[in-house]
Amino acid sequence: MRRVAPADGSPSRRAVLLGAGGLAAAGGGFAAGFAVDRAGPASGAARDPAGQPAVPTPGEDLMTEHGLLLRVLLIYRRLMASQASGLPVQASHAHDAALIIHDYIEAFHEALEEAYVFPRLASAGQLKPTVSTLLLQHARGRERTQLILAESAGSGSLKRAGARLVATSMAAFVRMYEPHEAREDTVVFPAFRALLTPAELTDLSQQFAELQTQQFGSDGFAHMVARVADIEQALGIYDLAQFTPPNITPPAA
Amino acid sequence: MSTISDWLTRRLLLTLAGLAAVACATAGCGSGASHGSPGPGAGSGPAVTIRARSLSNVGTVLVNSSGYALYMFQPDAQRQVTCTGLCAATWPPMKISASDRLVAGPGVRASLLGSDPDPSGGRVVTYNGWPLYTYTGDVAAGQDTGQGIDLNGGNWYLIRPSGQPLIAGPAGS
Chain A
1 MRRVAPADGS PSRRAVLLGA GGLAAAGGGF AAGFAVDRAG PASGAARDPA
51 GQPAVPTPGE DLMTEHGLLL RVLLIYRRLM ASQASGLPVQ ASHAHDAALI
101 IHDYIEAFHE ALEEAYVFPR LASAGQLKPT VSTLLLQHAR GRERTQLILA
151 ESAGSGSLKR AGARLVATSM AAFVRMYEPH EAREDTVVFP AFRALLTPAE
201 LTDLSQQFAE LQTQQFGSDG FAHMVARVAD IEQALGIYDL AQFTPPNITP
251 PAA
Chain B
1001 MSTISDWLTR RLLLTLAGLA AVACATAGCG SGASHGSPGP GAGSGPAVTI
1051 RARSLSNVGT VLVNSSGYAL YMFQPDAQRQ VTCTGLCAAT WPPMKISASD
1101 RLVAGPGVRA SLLGSDPDPS GGRVVTYNGW PLYTYTGDVA AGQDTGQGID
1151 LNGGNWYLIR PSGQPLIAGP AGS
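Sequences listed follow chains A and B, in order.
Our numbering puts the first sequence at residues 1 to 253.
Our numbering puts the second sequence at residues 1001 to 1173.
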């Protein structure tokens, strides 16, 4: 699997962010505890010192990444339905979708949670059982992804037994990650957000953006979305309108 | 049994210990046992113990003093610590400071213990040249959820007390 090479590396801040200083600032620095920011929704937007709108807040960033994950789960559902119907499952579709999970969700998005969100909550004594479960689910998800990647490494359609294994793992993955990310969006990220001061929020927002640029380039997220869209197109699930239910026709008088 | 909060606290303390060791490493306080000179691990401070423990699925492997499984990262190639930044958030390196005493528990070979510099600061404990890491997915002592995983640019394996990675799986060396 590829290891993303550092970008140009010229800004010294990047080196600091990725080094012990950066992670310790998030994990260690938080240990001292900070005031809760309850200034209202407007305070959630990260702004630079000049007051200009800047990058998304950490919570917004993580939830946007959850949107990407949800789209891959939809792809998994489509492939599971094909397998259940006895239709061919293209190995490349399963493999490409799982690679997005492996490279972006598991190695980056979840690492952000493990580096910044969970330690901060732990130091505040919040959500310990939930965080423990989320961490174990990260591990179980990675196991399932390894299996999907291994079984879909070839070309053409998956053999019957392989398709069944892949579909079973995808089903377990979907079943776990839908409540997983819903809990994070509604409970974990808001709790994390409430522990940050406006200054921390701004700094962490910038750190998240820079880490993403370092790992995937300036348009890294857009590139991931495009990869997902390509698979959706191939599977015929890209057109959003197809998911709109029909109008409810009133019963005839 | 240790809990996730224990683990997170340890991780935080280790990170801070690693930061504290940066100044020492920069100032050349020692090159480490893996290079044949007294350095981190040869101090008279707190003991950092590597133990051997039998885990239900894989047999006897190395664990830290709290019983958490220790892993090696193939890209390290028994030469250097390459898991840094966000990788180290998922796979926290087993840090050691200049004042720590590195101790081999029963069944562990002291001659295979050493340390390597961490590009993020401080030093990381090594065994048979492999830098050692724990895994965030192991939320309790005795788990091995990271065994055989390909993540962050390479494969992760448990290590036998002989110093051999558990590449062949449960039936391996």
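Glycine included, each C-beta is placed from N, C-alpha and C at the ideal position.
In this text the structure is predicted, and so the values were computed from the model without any measurement.
Given a cut-off of 9 Å on the beta-carbon distance, is the pair Tyr1127 (chain B) and Trp1091 (chain B) in contact?
Not in contact: Tyr1127 (chain B) and Trp1091 (chain B) (Cβ atoms no closer than 9 Å).
From which residue to which residue does the alpha helix (DSSP H) around Phe192 (chain A) run?
Taken as a continuous stretch (DSSP letters only), the alpha helix (DSSP H) holding Phe192 (chain A) covers 189–194.
Sequence-distant residues of its chain with Cβ nearer than 6 Å to Ala1110 (chain B) (five each side left out)
Excluding sequence neighbours, Ala1110 (chain B) sits near Ala1104.
Segment limits, alpha helix (DSSP H) that includes Met1094 (chain B):
Run containing Met1094 (chain B): none; DSSP gives neither H nor E here.
Quick check: what's the CA-CA separation for Ala1047 (chain B) versus Pro1165 (chain B)?
Between the C-alpha atoms of Ala1047 (chain B) and Pro1165 (chain B) there is a straight-line separation of about 25 Å.
Please state the DSSP three-state secondary structure of Thr1060 (chain B).
When DSSP states are grouped into helix, strand and coil, Thr1060 (chain B) belongs to the strand group.
Taking all protein chains shown into account, do 16 or more other C-beta atoms lie within 10 angstroms of the C-beta of His138 (chain A), making it buried, or fewer, making it exposed?
The residue is buried, with at least 16 neighbouring Cβ atoms inside 10 Å.
Euclidean distance between Cα positions of Ala252 (chain A) and His180 (chain A):
Going from the Cα of Ala252 (chain A) to the Cα of His180 (chain A) covers about 44 Å.
Assign Asp1076 (chain B) to one of three DSSP states: helix, strand, or coil.
Annotated three-state conformation of Asp1076 (chain B) is helix, per DSSP.
Sequence-distant residues of the same chain with beta carbon closer than 6 Å to Phe118 (chain A), five excluded per side:
Val131.
Quick one: list the residues of chain B neighbouring Gln146 (chain A), beta-carbon separation under 9 Å, in chain order.
Near Gln146 (chain A) (Cβ distances below 9 Å), the residues of chain B are Gly1148, Ile1149, Asp1150, Leu1151.
So within the segment 131–193 of chain A, which uninterrupted beta strand (DSSP E) runs reach at least 3 residues, ignoring any that extend past its ends?
Whole beta strand (DSSP E) segments, 3+ residues: zero.
So Ala1098 (chain B) contacts chain A; which residues on that side make the cut at Cβ distance below 7 Å?
Scanning chain A for C-beta atoms nearer than 7 Å to the C-beta of Ala1098 (chain B) yields nothing, as the closest lies near 15 Å away.
Cα-Cα separation, Ser157 (chain A) to Gln90 (chain A)
Annotation: Ser157 (chain A) to Gln90 (chain A) spans about 4 Å, alpha carbon to alpha carbon.
What does Val1139 (chain B) touch in chain A if you count any residue whose Cβ is under 7 Å from its own?
Simply Ser132, Leu135, Leu136.
Indicate the three-state DSSP secondary structure (helix, strand or coil) for Pro119 (chain A) in the structure shown.
Residue state, collapsed to three classes: helix.
May I ask you to list the residues that DSSP assigns as paired with Gly1114 (chain B)?
For Gly1114 (chain B), which the question treats as bridged, DSSP gives the partners B:Thr1126.
Can you grab the Cα-Cα spacing for the pair Thr202 (chain A) / Leu99 (chain A), in whole Å?
If I take the Cα positions, the gap works out to 31 Å.
Starting from Val228 (chain A), trace the beta strand (DSSP E) in both directions and tell me its first and last residue.
Unbroken run through Val228 (chain A) is the alpha helix (DSSP H), 220–235; no beta strand (DSSP E).
Can you look up Gln1143 (chain B) in the DSSP assignment and give me helix, strand or coil?
In the displayed model, Gln1143 (chain B) falls within coil according to three-state DSSP, outside both helix and strand.
Ignore the nearest five residues each way along the sequence and tell me which others in Gly1137 (chain B)'s own chain have a CB closer than 7 Å to its CB.
Once the five neighbours on either side are set aside, the close Cβ partners of Gly1137 (chain B) are Thr1145, Gly1146.
Is it right to say Lys1095 (chain B) is buried, meaning 16 or more other beta carbons lie within 10 angstroms of its own, or is it exposed?
It counts as buried.
Measuring alpha carbon to alpha carbon, tell me which of B:Cys1083, B:Ser1066, B:Asn1064 ends up nearest Ser1120 (chain B).
Looking at the Cα atoms, B:Cys1083 is the closest of the given residues.
Simplified DSSP state of Leu1070 (chain B), which is helix, strand or coil:
Leu1070 (chain B) falls in the coil class under three-state DSSP.
Give, in chain order, every residue of the segment 91–113 of chain A whose Cβ lies closer than 8 Å to some Cβ of chain B.
Legend: CB atoms of the segment 91–113 of chain A lying less than 8 Å from CB atoms of chain B belong to residues His102, Glu106, Ala107, Phe108, Glu110, Ala111, Leu112.
Looking only at C-alpha atoms, which of B:Tyr1135, B:Ala1052, B:Gly1163, B:Tyr1157 sits nearest to Gln1074 (chain B)?
Taking the Cα of Gln1074 (chain B) as reference, the smallest distance to any Cα among B:Tyr1135, B:Ala1052, B:Gly1163, B:Tyr1157 is reached at B:Tyr1157.
First and last residue of the uninterrupted beta strand (DSSP E) at Tyr76 (chain A):
Where Tyr76 (chain A) is concerned, there is no enclosing beta strand (DSSP E), although the alpha helix (DSSP H) it sits in stretches over 58–84.
Of the residues that make up the segment 201–212 of chain A, which ones have a beta carbon closer than 9 Å to any beta carbon in chain B?
Answer set for the segment 201–212 of chain A: Leu211.
Run down chain A in chain order and give the residues with a C-beta less than 7 Å from the C-beta of Ala1089 (chain B).
Under the 7 Å cutoff, chain A gives Leu23, Ala111, Glu114, Ala115.
Taking the C-alpha atoms as reference points, what is the distance between Tyr76 (chain A) and Asp230 (chain A)?
Rounded to the nearest angstrom, the gap between the Cα atoms of Tyr76 (chain A) and Asp230 (chain A) is 14 Å.
Would you report the Cα separation of Pro1106 (chain B) and Ile1050 (chain B), rounded to the nearest angstrom?
Their Cα atoms are separated by approximately 9 Å.
So Ala139 (chain A) contacts chain B; which residues on that side make the cut at Cβ distance below 9 Å?
Using a Cβ-Cβ cut-off of 9 Å, Ala139 (chain A) is close to Tyr1135, Thr1136, Gly1137, Asp1138, Val1139, Gln1143, Thr1145, Gly1146, Ile1149 of chain B, given in chain order.
Where does Tyr238 (chain A) sit, in a helix, a strand or coil, going by DSSP?
Here Tyr238 (chain A) sits in coil by DSSP.
In the DSSP output, which residue or residues are listed as bridge partners for Thr1049 (chain B)?
B:Val1103.
Does Leu1086 (chain B) have its Cβ less than 9 Å from a Cβ in chain E?
As a matter of chain content, chain E is missing from the structure shown, whose protein chains are A and B.
Counting pairs of Cβ atoms below 8 Å between the segment 81–88 of chain A and the segment 157–170 of chain A, do you hit three or more?
With a cut-off of 8 Å, the segment 157–170 of chain A and the segment 81–88 of chain A count as touching, because enough Cβ pairs lie within range.
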